[in-house]
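Student: Got a structure for you, questions after.
2 protein chains.
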Amino acid sequence: MISTRGRYAIRVMIDLAENDNGSYIPLKDIAARQEISKKYLEIIVKDMVAGGLLTGASGKGGGYKLCRRPEDYTIGEIIELMEGSLATVACLADGALPCPRAAACETLPLWEEYDKLTHDFFYSKRLSDLVSRREE
Amino acid sequence: MISTRGRYAIRVMIDLAENDNGSYIPLKDIAARQEISKKYLEIIVKDMVAGGLLTGASGKGGGYKLCRRPEDYTIGEIIELMEGSLATVACLADGALPCPRAAACETLPLWEEYDKLTHDFFYSKRLSDLVSRREE
DNA sequence: CTATTACCTATTGACATAGTAGGTAAATGA
DNA sequence: TCATTTACCTACTATGTCAATAGGTAATAG
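Chains as they are written, first to last, in my numbering: chain A, 485 to 620; chain B, 485 to 620.
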């Protein structure tokens, strides 16, 4: 299951893309539009900055801004950054210990196939695919 | 993420299919072959019986048995029964409250598309696809 | 120098996960 | 009949994650 961390992160990025006017957008505005607790978003957005998805600026006139064009973000990288991994079973997660039963495991190929499907799906989607431009 | 409940359930069913000799197979044997705590498997297997995946028989000579042919089980129904839902986001889960933002939600179509992908994938896989018959 | 904003650390309640512990009930076969 | 084997049942627990909240400090613009 994809948690609020990944889902909210995507919504923040869509919001930033749709409301882009060249300057920084305060989190207060994003939280209000998206109807998400600003306090909780702070935690999420901090990690997004750390992960290189956004840039932030403090002080008056500060806020957040995308640091690439919407078509240069894949949804996969956003989810993977925020959720830690895009893996669908524990044994295929990024920092997982190698499973001693792997060679004999009759279910592993199933999980690998699903994992690839998931990976391909989300890496084929771009932020721009989810943005409906309002301005013209 | 698919938890041990779903994953162990599938392994139990593969084990039953591969070691089928017409009679009941004790959980002790399955647990030993699969290297899973028997105590923990008891909980899982009980739900599998309740869900109509297996039949159980008490007493000496008892154990568990598939109640259909391996080709008559889909992996999807096994996971869905054991995990409660195959949904990949909370708002698409079986007992989820209707989301007031659904109509305006710009991410919902993404989750719906992924959900369909997941559903189609696991319902196209059958237990028989995972079984390597040893006897001839 | 004040208002605004990001950024930081810590804490919380609720819930799920992955088990363990210790029994009772049912069936068999010697 | 009775011991053994098995399923089946209730309860408990340790650990971790999720989704926040609380209460600050630092930076910046006007």
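C-beta atoms are modelled at their ideal positions from N, C-alpha and C, and glycine is treated no differently.
Give a yes or no on whether the minimum CB-CB distance between A:A586 and chain B is below 8 Å.
Tutor: Chain B, which has no Cβ nearer than 8 Å to the Cβ of A:A586, makes this no.
Student: Hey, is the stretch 491-498 of chain A in contact with the stretch 556-575 of chain A, meaning 3+ C-beta pairs nearer than 8 Å?
Tutor: Output reads yes: the stretch 556-575 of chain A touches the stretch 491-498 of chain A.
Student: Indicate the three-state DSSP secondary structure (helix, strand or coil) for A:G547 in the structure shown.
Tutor: It is a strand residue.
Student: For A:A574, return the contacting residues in chain B, with the cut-off set at a CB-CB distance below 9 Å.
Tutor: Here the neighbours are M485, I486, S487, T488 and R491.
Student: Kindly indicate which three-state DSSP category B:T591 falls into: helix, strand or coil?
Tutor: Three-state DSSP puts B:T591 in coil, outside helix and strand.
Student: Tell me whether A:P584 is buried or exposed, calling it buried when 16 or more other Cβ atoms sit within 10 Å of its Cβ.
Tutor: Looking at its Cβ environment, which holds fewer than 16 other Cβ atoms inside 10 Å, A:P584 is exposed.
Student: Using DSSP with H/G/I as helix, E/B as strand and the rest coil, what is A:A586?
Tutor: A:A586 falls in the coil class under three-state DSSP.
Student: By the 7 Å beta-carbon criterion, what residues does the stretch 592-603 of chain A contribute toward chain B?
Tutor: Listed by position along the chain: L594, Y598 and L601.
Student: Could you tell me which whole beta strand (DSSP E) segments of length 3 or greater appear in the stretch 491-558 of chain A?
Tutor: DSSP runs (the beta strand (DSSP E)) wholly in the stretch 491-558 of chain A: 538-541 and 547-550.
Student: Along the chain, where does the alpha helix (DSSP H) containing B:S612 start, and where does it finish?
Tutor: Note, B:S612: alpha helix (DSSP H), L611 to L614.
Student: Have a look at B:V615 and B:T572 and give me their C-alpha separation to the nearest angstrom.
Tutor: Spanning the two alpha carbons is a distance of roughly 27 Å.
Student: Hey, A:L601 and B:L594: beta-carbon distance below 8 Å or not?
Tutor: It is not a contact, given that the beta carbons lie outside the stated cut-off.
Student: Output the distance between the C-alpha atoms of A:E620 and B:R552, rounded to the nearest integer angstrom.
Tutor: Low local confidence applies: a pLDDT of 42 at A:E620 is under 50, so the model's placement there is unreliable, with the coordinate-based value given in what follows. A:E620 and B:R552: Cα-Cα distance of roughly 60 Å.
Student: For A:L578, which residues from the same chain have a beta carbon less than 6 Å from its beta carbon, with the 5 sequence-adjacent residues on both sides left out?
Tutor: Residue 578 of chain A is actually Asp in this sequence, not Leu. Counting only Cβ-Cβ distances below 6 Å, and skipping sequence neighbours, we find S569.
Student: What does a CB cutoff of less than 7 Å around A:N503 pick up in its chain, not counting 5 residues either side in sequence?
Tutor: Excluding sequence neighbours, A:N503 sits near I509.
Student: Figure out for me which residue from B:Y598, B:M497 and B:A588 has the closest Cα to the Cα of B:G547.
Tutor: It is B:M497.
Student: Leaving out five residues before and five after A:C575 in sequence, what residues of the same chain have Cβ atoms less than 6 Å from its Cβ?
Tutor: Excluding positions up to five away in sequence, the list reads C583.
Student: So, does the CB of B:I559 fall closer than 8 Å to a CB anywhere in chain A?
Tutor: Yes, B:I559 lies at the interface with chain A (some Cβ there is under 8 Å from its Cβ).
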